[in-house]
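Residue numbers (my numbering): 80 to 267. Note that the Cβ used here is the ideal one computed from N, Cα and C, for glycine as well.
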């Protein structure tokens with residue numbers, strides 16, 4: 080029974096770390112109070128499971144021993160969270176644009192605050208990617224970034240450079256808002 084408690088506590092800690100990163104990425108905030116409260120409660124449960132499985136005597140919640148186990152559980156949680164963050168990848172969303180299969184999943188998630196509506200955000204992201212991949216030299220140079228979905232650095236470099244207006248990326252915001260107007264006119 081003690082081994083079962085330890086294994087269950089470790090598995091729950093692992094799951095809490097993975098889910099914390101997943102939920103935080105989806106909500107674009109690592110400091111959401113709901114997530115933090117849920118994680119703390121889960122870590123307290125995990126600490127009790129692990130501590131009562133390891134401890135030879137009855138584990139009291141208001142004790143130094145429980146605090147030590149809680150510290151170890153938090154360290155495991157942080158380790159799992161960092162590993163999850165390093166390996167986190169959004170569900171791929173591939174669009175074929177100008178002969179390149181571009182994964183726009185990360186870009187879609189990153190523009191949630193700019194374009195809240197998912198359909199408009201999709202139109203916006205496809206527009207931006209279309210304008211960028213229309214430049215054959217740029218597309219060839221950064222093809223691996225476009226295919227892997229890690230092209231935010233390419234966009235930032237272009238926007239910070241002297242040729243930012245060359246791609247007319249601001250037009251894409253207009254296309255995204257046009258889909259809002261056409262979708263609301265369909266509802267009328």
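Check	Outcome
Would you tell me roughly how many angstroms separate the C-alpha atoms of residue 91 and residue 125, rounded to the nearest one?	6 angstroms
When DSSP labels each residue in this structure, what does residue 193 get in the three-state scheme?	coil
How many angstroms separate the CA atom of residue 84 from the CA atom of residue 122?	14 angstroms
Along the chain, where does the beta strand (DSSP E) that runs through residue 147 open and close?	No beta strand (DSSP E) holds residue 147; the alpha helix (DSSP H) holding it covers 143-166.
By Cβ distance below 8 angstroms, which residues in the same chain neighbour residue 87 in space, the five residues on each side in sequence not counted?	128
Can you give me the Cβ contacts of residue 155 inside the same chain, cut-off strictly under 6 angstroms, excluding the 5 residues immediately before and after it?	92
What does the alpha-carbon distance come out to for the pair residue 133 and residue 182?	46 angstroms
Considering only C-alpha positions, which residue in the set 101, 237, 250 and 251 is nearest to residue 168?	101
Between the alpha carbons of residue 223 and residue 233, how many angstroms are there, rounded?	11 angstroms
Taking 7 angstroms as the cut-off, decide whether the C-beta atoms of residue 138 and residue 145 are in contact.	yes
Short of 8 angstroms in beta carbon distance, which residues of its chain neighbour residue 260, apart from the five on each side in sequence? Order them along the chain.	Residue confidence for residue 260 is low, a pLDDT of 49 falling below 50, so the modelled location carries little weight; the figure read from the coordinates is stated next. Closer than 8 angstroms at Cβ, skipping near neighbours: no residue.
Once the 5 residues before and after residue 231 are set aside, which same chain residues still bring their CB inside 8 angstroms of it?	185, 186 and 189
Which residues share a DSSP beta bridge with residue 182?	173
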